[in-house]
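**Q**
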Amino acid sequence: MVIQKICCLGAGYVGGPTCSVIALKCPNIKVTVCDKSVERINQWNSDKLPIYEPGLDEVVEQCRGKNLFFSTNIAKSIQEADLIFISVNTPTKTFGNGKGRAADLKYIESAARMIADLATSNKIVVEKSTVPVKAAEIIMKILRANTKPGVEYQILSNPEFLAEGTAIVDLVEAERVLIGGEDTPEGQRAVQELCWVYEHWIPAKNILTTNTWSSELSKLAANAFLAQRISSINSLSAVCEATGADVSEVARAVGRDSRIGPKFLEASIGFGGSCFQKDILNLIYLCECLNLPEVAAYWQQVVSLNDYQKTRFTRKVIESLFNTVSDKKIAVLGFSFKKNTGDTRESPAIYVSNTLLDEGAKLHIYDPKVEHDQIYYELTHPYATSEPEKVRKNIEIHDTAYSAVTGAHAIVLCTEWDEFKELDFKKIYEVMMKPAYIFDGRKILDHEALQNIGFHVQTIGKRLARSGSIRAQGSQTMP
Ligand code: NAI
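If you want the numbering used here, it's the 1-based position in the sequence shown plus 902.
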């Protein structure tokens, strides 16, 4: 089979950008991205795409209506496709068996059932969502138990390694594409078909093929390793604050070892995003189910340390502000989980904001890309608070950083947006309450310059002279 038509179920942060790049690089393949959400598809078909991702607008503009389509007509798209990506969400279960750890596979299952119902010809079904090991077996069982005469399925695992904020570059210049398939002649043929799609732009040496289970586990392992590096350096940030070492200098020295490397060694208020925590929890659950409690405990510590770091930072903010933030105006700069995305899932800013709101603070929030409604939603939905109206009254969302900081007692920087480095802090100092505090949760500001202006500055992994903590003057360590 030569693949001529591709359908993708799930028009989210992965399905949208991935299929846009496939359409760009494979002009002879018709790519249709489907979603059950009419609103999401309407946004993909509009001038304002549902997600912000550098370079995405240009790719969509170039291909949409030519060989790239966004549609809610799932039946038609499944029927005409030779290859179907399943790129639906796989959140952590919030109830029942495995609550808080296991992946909820209900969207994967419903996608598989839709394919089983609607397919009338042979399909290669590709699991692109991040799933627990052996999830392909679920898809396989559903498809093969409902197969119709003349319809055969091959199931592949092809996890996605893009990172939000750099998705287009990651896809166009992928360091590796991973494809896992069944060790049968048909399975291997399907692997080759998908390789052929990627080979339109990815060098063959960057395309790795494995068995299905290795492919599934590699994605969980990759995210667990990345998150583990962040927790490792964050753990050392606490040691730095207690000793006078500087975590950036430690990271530079450690990362110079080519066996370790410099990337992902930046201390911060902790990792966020839809994937790291979810995928490690998923790995932990898998280890528990496999009766490997020591392995589960090892990875659990990566998540626990991340929680500790968020708590440590927020406690430091409160303690520095004379142990009370009640009725104080606090400017939160940045709400997305990292720069260059509008995604707020598991953003550390949510934890910081919730805690400050609980303590009675009035938050003035600014983020360059997160929609106002999304910020309200994150802080007022039923899991976040039992008093949404009260919380709403204590939040104001701003269109500029300058308006958010006016009259504030403190600035809490939660996301490393480049524009924050360019702010005129002299001007900001003038409009803030005194003493004026800055808590740089991302270590991106020029702390010495801020102190020279008059700010009391605190950051992660470094003691600053004259940081202004109430307990400080002698020792400015975080608790
Ligand atoms: P998302 O939540 O942005 O998008 C998922 C979409 O699937 C939603 O729009 C939802 O309406 C749609 N959907 C659910 N069931 C459907 C069905 N039966 N038919 C059609 N559409 C359906 O999720 P995101 O971030 O794109 O993630 C998707 C998967 O990719 C997850 O498993 C995630 O772990 C994984 N992943 C995510 C990365 C990221 O940076 N966001 C990176 C790599 C992997």
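Don't be surprised by glycine CBs; every beta carbon is placed ideally from N, CA and C.
Note that the structure is predicted; figures quoted are calculated from it, not measured.
Are there 16 or more other CB atoms within 10 angstroms of the CB of residue 1183, so buried, or fewer, so exposed?
**A** Residue 1183 sits at position 281 when you count from the first residue of the sequence shown. Residue 1183 is buried by the Cβ-count criterion.
**Q** So if DSSP puts residue 1055 in a beta bridge, which residue, or which two residues, is it bridged to?
**A** Locating residue 1055 in the sequence shown gives position 153, counting from the first residue. Paired residue(s): 1025.
**Q** From this set, 1313, 1077, 1346, 1180, which residue's C-alpha is nearest residue 1266's C-alpha?
**A** The residue given as residue 1266 occupies position 364 in the sequence shown. If we check each option's Cα against that of residue 1266, 1313 comes out closest.
**Q** If you pair each beta-carbon of the region 1352-1364 with each one of the region 1308-1328, do three or more pairs fall below 8 Å?
**A** Enough Cβ pairs lie closer than 8 Å, so yes.
**Q** Can you give me the start and stop residues for the beta strand (DSSP E) that residue 973 sits inside?
**A** Working through the sequence shown from its first residue, we reach residue 973 at position 71. Here the beta strand (DSSP E) through residue 973 covers 970-973.
**Q** Measuring straight from C-alpha to C-alpha, what distance separates residue 1039 and residue 1083?
**A** As a working mapping, residue 1039 is identified with position 137 in the sequence shown. As a working mapping, residue 1083 is identified with position 181 in the sequence shown. Using only the alpha carbons, I get a separation of about 11 Å.
**Q** What residue range is occupied by the uninterrupted alpha helix (DSSP H) comprising residue 1204?
**A** Here residue 1204 is taken as the residue at index 302 of the sequence shown, counted from 1. Residues 1195-1222.
**Q** Return the residue from the list 921, 1118, 1343, 1019 that minimises the CA-CA distance to residue 964.
**A** The residue given as residue 964 occupies position 62 in the sequence shown. When only C-alpha atoms are compared, the closest one is 921.
**Q** Are the beta-carbon atoms belonging to residue 985 and residue 1057 less than 7 Å from one another?
**A** As a first step, residue 985 is located in the sequence shown; it is residue number 83 there, counting from the start. As a first step, residue 1057 is located in the sequence shown; it is residue number 155 there, counting from the start. Contact: no.
**Q** Is the region 1329-1341 in contact with the region 1221-1239, if contact means three or more CB pairs nearer than 8 Å?
**A** A contact exists between the region 1329-1341 and the region 1221-1239.
**Q** Under a three-way DSSP split, which group does residue 1035 fall into?
**A** Locating residue 1035 in the sequence shown gives position 133, where the first residue counts as 1. Coil at residue 1035, not helix or strand.
**Q** Does residue 1247 come out as helix, strand or coil in the three-state DSSP assignment?
**A** By one-based count along the sequence shown, residue 1247 stands at place 345. Here residue 1247 sits in coil by DSSP.
**Q** Note down, in chain order, each residue of its chain lying with its Cβ closer than 8 Å to the Cβ of residue 1189, except the 5 sequence neighbours on either side.
**A** Within the sequence shown, numbered from 1, the residue matching residue 1189 stands at position 287. Contacts found: 1195, 1197, 1198, 1201.
**Q** In whole angstroms, what separates the C-alpha of residue 957 from that of residue 934?
**A** Along the sequence shown, one-based indexing puts residue 957 at 55. Along the sequence shown, one-based indexing puts residue 934 at 32. Answer to the nearest angstrom: the Cα atoms are 20 Å apart.
**Q** Would you decide whether residue 1321 is buried or exposed? Buried here means 16 or more other CB atoms lie within 10 Å of its CB.
**A** The sequence position of residue 1321 within the sequence shown is 419, counting from 1. It counts as exposed.
**Q** Less than 6 Å separating the Cβ of residue 1348 from some heavy atom of ligand 1?
**A** Against the sequence shown, residue 1348 aligns to sequence position 446. Flag unset: Cβ of residue 1348 not near ligand 1.
**Q** So is residue 903 buried or exposed if we call it buried at 16+ other beta carbons inside 10 Å?
**A** For the purposes of this step, residue 903 is identified with residue 1 of the sequence shown, where counting begins at 1. That one is exposed.
**Q** Would residue 1032 pass as a contact of residue 1121 if the rule is Cβ separation under 7 Å?
**A** The count along the sequence shown starts at 1 and reaches residue 1032 at position 130. The count along the sequence shown starts at 1 and reaches residue 1121 at position 219. Result yes, Cβ atoms of residue 1032 and residue 1121 sit closer than 7 Å.
**Q** Would you check whether ligand 1 has a heavy atom nearer than 6 Å to the C-beta of residue 1133?
**A** As a position in the sequence shown, residue 1133 is number 231, starting the count at 1. No, the Cβ of residue 1133 stays beyond 6 Å of every heavy atom of ligand 1.
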